[in-house]
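Encoded as structure tokens, the structure appears first; notes follow it.
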Amino acid sequence: MTLALTGYGVARGIAIGRTHLAERNEIEIGEYRIKNRDVDGEILRYRNAVDAAGEQLTELANRIDQKVAIPAADIIQTHILMLRDSQIRKNTEDHIRSELCNAEWALQSQLEQVLNEFRNMDDDYIRTRAEDVTQVVRLIQSKLNVETTSKPFENIPDRLADTLVIAVELTPGELAILHERGVAGIVTEHGGPHSHTAILASSLGIPAVLGVRRAQSLLKEGETLILDGGLGVVYSDPDDSIQDHYRQVQRDTRRYRESLEAVRDQPALCIDDEHINLQANAERSEELQQAIASGATGIGLYRTEFLYLRGAPPGEEAQLEEYTAAIRILNGIPLTIRTLDLGADKSTDSLDFAQLSRAANPAMGLRAVRLCLRDTDLFKTQLRAILRASAAGPVRCLVPMLTSVQEILMVRSLLEESMEELDERGQQYDAGMQLGGMIEVPAAALAIEDLGRHLDFISVGSNDLLQYALAADRGDEQVAHLYDLQHPGVVRLLKHIFRKAHELGIPVSVCGEVAGDRRYTRLLLALGLRDFSMHPAELLEVKQVVRDTNAHIAQEALRLWLNNPIEFGSQSLLQVLDESQITR
Ligand code: PEP
Ligand code: MG
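With the sequence shown counted from 1, adding 834 to any position gets you the numbering used here.
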């Protein structure tokens, strides 16, 4: 009988094959006392285990094919850095010394302490880091327990074609090994959608469903399994109709992937030769690498909230380090750094804004640039860091949630003050650094002629603009049906922004989710958009639609629809635009 299990579908794709249950490799973390005279020996045993873990990770990072798995090597480097984290090392050694306990136990106590700190922070990024620390600690512990865990995956065959591995959990390093062996898909009991294992599975193109509870006990060794990495479902012992359906989906997906690969090195040109600029949104170094690999011409949106969600607000030097690291990775590709956009759906306890937490309607409250203009010290610290980063490579500065011209003038004046402070310190920056504004407030969109005159470029934050224009909370699934780019009011609003920006001669892009959703690419082209910024994973899909579209024909179809939508009966605007391309 078919059994369907669900989890997080973290890497799209269909895998069909036989299961292989990866042995648990459980490590016994017992506590035992050691004698005073054995302390040095125990610390040495601990240091040797850390070195052995480091060697294993370095060997793995060197082995990984850089072309296919840049993020894997990057994630493993992060683990190597964590391994060398002197605080955990020092605390563990102190614990062995003061408690006279074995190294495994001392390390476990450190892990629990770190996880406790992380547990109090409600943020996906932090949760991912918690998983990383756990994985690194487990690796050291396995090195301390050489008899029980001599080699990872000893029980796993060398060739895994048509094999789906079912594991309790997998580290990014282990996943890289399975990839080398040609694994068809993976299922794990633990691991969330934002974990590094999830990111890696997605970038390696391994269909994966994580967080499937009790997968190891519910699935049997060697049985047929179908995994749908998009839906997050696995079917064991699937009947013929399910198998036929998925084999067809698999064939279609393969064909689609091949056609996507074919556009990787092609220019982003419409059929009528309109050139489209395709940029990427990014915040983690994996995404920056992915952006380069996908051929993005720039980073159109580099969110910086993650720096502030880790704990205390970061200082100027810490920020500068993050930004220059990104610039180094990008190697000449322009980086648009967005200033702090905290508040509403992105809140943190680490900033002491009583008003922020008290607001009855935080989405309309003290958020983003409003918050920055209230705490100008916090804002100027970031402005100085961005300015200093601009000396290291091409950098633009983008300000979120602008409502009025006055706000832009205040930002400009703080930027000037920041430059003067850097002059006094004798520090370098690009005096011509461009200042852009995000258009997310409907009134700002309608007053774009006034705001635009004070900006060097414009980026439309469609995620917020739609929620405010349609009065539909972007995160509330109960009103998701109202959150629609095809609403005539939204279509007119966007058309107005793009037209006025063109008239003023200011570059305009869209960096909200719709820019990376290929269903909307034609509509945005028809509206006159020529610059998109999206998650790097979406770039080739969007490029393919761009190359299949005659922008002027789409523009004309949109004009007719706007003149008289009734004439098109039950056809949606997207259908009208798709049809305009077929009948051209
Ligand atoms: C947007 O609102 O479209 C946007 C890109 O900003 P964020 O999603 O970070 O609010
Ligand atoms: Mg926004």
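By construction, the Cβ of each residue, glycine as well, lies at the ideal position given by its N, Cα and C atoms. Every value quoted in this text rests on a predicted model; they were computed, and no experiment measured them.
Around the beta carbon of K1334, a 10 Å sphere encloses 16 or more other beta carbons of the protein chains shown; the residue is thus reported as buried. By the criterion of at least three beta-carbon pairs nearer than 8 Å, the region 1202-1210 is not in contact with the region 1255-1267.
Looking at the DSSP output, L1135 sits in a beta bridge with N1115. Within the region 978-1053, the complete beta strand (DSSP E) segments at least 3 residues long are 997-1001, 1019-1022 and 1042-1044, listed from N- to C-terminus. For the options D1209, D1073 and V1379, the alpha carbon positioned closest to that of I1105 is the one of V1379. In the structure shown, the three-state DSSP call for G875 is helix. By the CB criterion at 9 Å, F1332 and V1324 fall outside the cutoff.
For V1097 and I909, the gap between their C-alpha atoms comes out near 28 Å. In this structure, ligand 2 has a non-hydrogen atom nearer than 8 Å to the beta-carbon of D1298.
In the structure shown, G1064 adopts coil according to DSSP, grouped into three states. The region 1077-1094 makes no contact with the region 872-886, as fewer than three CB pairs between them are under 8 Å. Using a cutoff of 8 Å, the CB of E1274 counts as near ligand 2, since one of the ligand's heavy atoms is closer than that.
Below 8 Å, too few C-beta pairs join the region 1234-1243 and the region 1159-1169 to call them touching: fewer than three. Counting the other CB atoms within 10 Å of its CB gives K924 a total below 16, which places it among the exposed residues.
For G1270, the enclosing beta strand (DSSP E) starts and ends at L1269 to I1273. Around L1280, the same chain offers L1327 and H1330 as residues with beta carbons nearer than 8 Å, after the five sequence neighbours per side are excluded. Using a cutoff of 8 Å, the CB of M1235 counts as near ligand 2, since one of the ligand's heavy atoms is closer than that. Excluding five sequence positions before and after Y842, the CB atoms of its chain that fall closer than 6 Å to its own CB belong to P1027, L1044, G1045 and G1066, given in chain order. For L1392 against L1411, the beta-carbon gap comes to about 7 Å, under 8 Å, which counts as contact. Looking only at R1137, Q1050, N870 and R993, the smallest Cα-Cα distance to V1021 is reached by Q1050. Looking from the CA of M916, the closest CA among L894, S943, A887 and E893 belongs to A887. With fewer than 16 neighbouring CB atoms inside 10 Å of its own CB, N896 falls in the exposed class. T853 and D1071 have their alpha carbons spaced roughly 10 Å apart. The closest CA to that of Q1216, considering only G1177, D1382, T1138 and T1058, is found on T1138. Inclusion of I868 and L934 in the CB contact set at 9 Å is warranted, their separation being smaller than that value.
Under DSSP, L1103 shares a beta bridge with H1109.
Note on M1272: 16 or more other CB atoms within 10 angstroms of its CB, so buried under the neighbour-count rule. A check of alpha carbon separations from G1039 across R846, L1135 and Y1069 identifies R846 as the nearest. Setting aside the 5 residues that flank it on each side, N1384 is surrounded in the same chain by C1104, I1105, D1106, Q1415 and R1418, each with a C-beta closer than 7 Å to its C-beta; the list follows chain order.
Classified as buried, P1276 has 16 or more neighbouring CB atoms from the shown chains inside 10 Å of its CB. For R1287, the closest C-alpha among the options S1252, Q1301, M1253 and R1246 is that of R1246. Minimum Cα-Cα distance from L1269 among the listed residues S1293, P991 and Q1261 corresponds to S1293. For N1115, the shortest C-beta to heavy atom distance toward ligand 1 is below 8 Å. Rounded to whole angstroms, E1055 and D966 show a C-alpha spacing of 29 Å.
Sorting A1146, M835 and R1081 by C-alpha distance to the C-alpha of L1052 places M835 at the top.
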